[in-house]
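Numbering (the UniProt record's numbering), first residue to last: 1 to 488.
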């Protein structure tokens with residue numbers, strides 16, 4: 001048998017009452033209060049302290065600038081947390097406010113820390129004036145021009161569907177059919193890669209679906225040639241063959257005060273600019289086309305450092321000491337007159353360089369005012385005609401011009417690249433050069449400008465009168481200058 005073990009007697013444990021409340025009741029009450037406190041802290045407090053919604057902003061126009069309470073957030077589509085209350089929302093594109101509204105955001109509080117409250121918002125497009133429609137359309141076309149500067153894309157450099165965005169906006173704004181056709185005709189001339197071609201074709205489908213009568217012979221021609229360049233193995237020869245031309249010229253000069261510039265006057269003529277080229281981009285930049293020039297005079301030498309010093313003497317705002325202000329105005333870049341000290345005391349005939357196209361335009365405006373004659377930067381047709389007359393001259397391999405023959409222009413090839421007053425439009429020589437040039441004058445897009453002639457650093461065997469380069473209007477290149485032309 002098991003031995004019986006007697007346990008000692010112990011006193012019964014009794015929890016004390018609290019304010020006369022039995023222990024079970026106040027323990028339950030404490031647990032309930034604690035639970036409610038946790039629920040409040042987790043489920044309600046975050047929403048009370050930070051009430052609002054994550055608003056997904058969209059726009060009827062592609063990539064529209066978004067301002068909330070006068071703070072720029074970014075381009076649409078864009079998601080941003082807005083606190084509860086009233087907010088001023090402004091949509092802007094191309095410098096035009098397309099919608100302005102007061103957005104009311106409520107104050108949800110339950111489980112907002114875990115489940116974000118969201119809200120979709122897209123405003124109605126306001127009634128835009130004709131000038132506002134043109135401004136937005138021009139902004140989109142300039143985006144196409146900018147994208148065309150890149151000719152190859154990969155995982156790092158991704159293509160932006162600029163044509164599709166333009167077509168979306170044209171449809172949303174209900175642009176006039178003639179405006180759409182002329183815009184697409186010009187935009188299609190900037191196709192410079194296969195992704196851009198595919199994007200343009202998609203945009204054409206969008207426009208055709210929105211307007212069955214949409215058509216443009218100029219854009220159709222551009223798309224056809226783009227397909228040959230970027231979507232075909234056929235590399236046929238394009239363009240007219242160059243024809244030897246030795247145009248005669250008569251001596252001329254431009255004088256005002258200390259400024260003296262010898263020149264040559266060429267009569268109105270028609271000739272082939274360029275030569276035959278394979279259907280390979282960018283070789284087609286040199287494709288031969290028939291062009292015409294009116295009577296004009298052109299300088300026998302590029303603008304010199306001394307002549308630029310005379311310009312600065314009367315226009316001190318163009319002195320290098322004012323470079324920061326010129327940059328802020330978008331007239332030059334940080335290399336303006338870098339390493340150059342133009343002087344009216346120590347005169348030099350070396351070509352001015354490290355100046356921008358816009359600076360060169362200011363120089364021409366100054367001479368126009370002083371001489372009473374229209375002075376300008378020659379276009380590529382005028383420059384090419386003058387170069388054809390001097391093509392037999394040796395390539396200039398330094399900045400010191402030694403050519404003493406004034407029967408034709410000096411340093412057309414070599415020395416410094418020279419600005420022309422012609423916009424760089426990739427496919428213009430393959431379609432209708434005159435029509436495209438006319439459209440560019442109408443829209444005045446922010447294109448690069450064509451430079452010609454090569455510099456003393458280039459290999460002479462790679463530079464001819466047909467060679468085409470392109471430079472931004474504010475870029476100041478170490479080997480880029482210009483020469484002037486004027487109306488006779």
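Note that beta-carbon positions come from the ideal geometry of N, C-alpha and C, so glycine has one too. Keep in mind it's a predicted model, so treat the numbers as computed, not measured.
I'd like to confirm the pairing. Which residues does DSSP put opposite residue i in its beta bridges?
i           : result
residue 75  : 65
residue 255 : 260
residue 103 : 87
residue 55  : 80 and 119
residue 351 : 304
residue 278 : 237
residue 273 : 289
residue 92  : 65 and 97
residue 250 : 265
residue 486 : 297 and 375
residue 450 : 470
residue 481 : 418
Return the residue from the list the options that minimises the CA-CA distance to residue i.
i           : options               : result
residue 373 : 331, 456 and 254      : 254
residue 348 : 153, 144, 439 and 399 : 399
residue 132 : 98, 250, 306 and 208  : 98
residue 261 : 267, 269 and 252      : 252
residue 232 : 279, 239, 273 and 413 : 279
residue 175 : 134, 430 and 464      : 134
residue 435 : 390, 327, 403 and 218 : 218
residue 358 : 202, 168 and 420      : 420
residue 334 : 477, 184 and 228      : 477
residue 236 : 271, 204, 284 and 274 : 284
residue 293 : 52, 301, 305 and 267  : 267
residue 58  : 448, 230, 361 and 67  : 67
residue 54  : 81, 443 and 60        : 81
residue 457 : 126, 471, 479 and 84  : 479
residue 471 : 444, 423 and 432      : 423
residue 205 : 166, 70 and 439       : 166
residue 241 : 221, 312 and 273      : 273
residue 433 : 454, 316, 184 and 288 : 288
residue 312 : 259, 275 and 76       : 259
residue 367 : 389, 315 and 402      : 315
residue 391 : 407, 342 and 318      : 407
residue 298 : 343, 248 and 309      : 248
residue 161 : 143, 326, 41 and 405  : 143
residue 88  : 104, 95 and 78        : 104
residue 179 : 39, 405 and 439       : 439
residue 182 : 159, 282 and 222      : 222
Can you tell me whether residue i is buried or exposed? The criterion is at least 16 other CB atoms within 10 Å of its CB, across all chains shown.
i           : result
residue 9   : exposed
residue 34  : exposed
residue 21  : exposed
residue 195 : buried
residue 459 : exposed
residue 74  : exposed
residue 191 : buried
residue 169 : buried
residue 381 : buried
residue 147 : buried
residue 63  : buried
residue 426 : buried
residue 307 : buried
residue 72  : exposed
residue 36  : exposed
residue 16  : exposed
residue 428 : buried
residue 199 : buried
residue 448 : buried
residue 61  : buried
residue 466 : buried
residue 305 : buried
residue 93  : buried
residue 413 : buried
List the whole-angstrom C-beta distance separating residue i from residue j, where the pair is believed to meet the contact cut-off of C-beta under 8 Å.
i           : j           : result
residue 286 : residue 468 : 6 Å
residue 441 : residue 145 : The pair is not a contact, with the Cβ atoms about 15 Å apart (cut-off 8 Å).
residue 322 : residue 340 : At roughly 15 Å, the Cβ-Cβ gap does not stay under 8 Å, so residue 322 and residue 340 are not in contact.
residue 193 : residue 151 : 5 Å
residue 256 : residue 384 : With a Cβ gap of about 28 Å, residue 256 and residue 384 do not count as contacting.
residue 141 : residue 186 : 7 Å
residue 363 : residue 485 : At roughly 12 Å, the Cβ-Cβ gap does not stay under 8 Å, so residue 363 and residue 485 are not in contact.
residue 51  : residue 83  : 6 Å
residue 276 : residue 488 : In fact, because the Cβ distance is near 33 Å, the residues do not count as touching under 8 Å.
residue 474 : residue 338 : Actually they are not in contact, since the Cβ atoms of residue 474 and residue 338 sit about 14 Å apart, beyond 8 Å.
Discussion item. So within the segment 118-187, which uninterrupted beta strand (DSSP E) runs reach at least 3 residues, ignoring any that extend past its ends?
Written reply: 118-121
Worksheet item: Residue ranges of each alpha helix (DSSP H) run of no fewer than 4 residues wholly in the segment 379-431, ordered along the chain?
Response: 380-389
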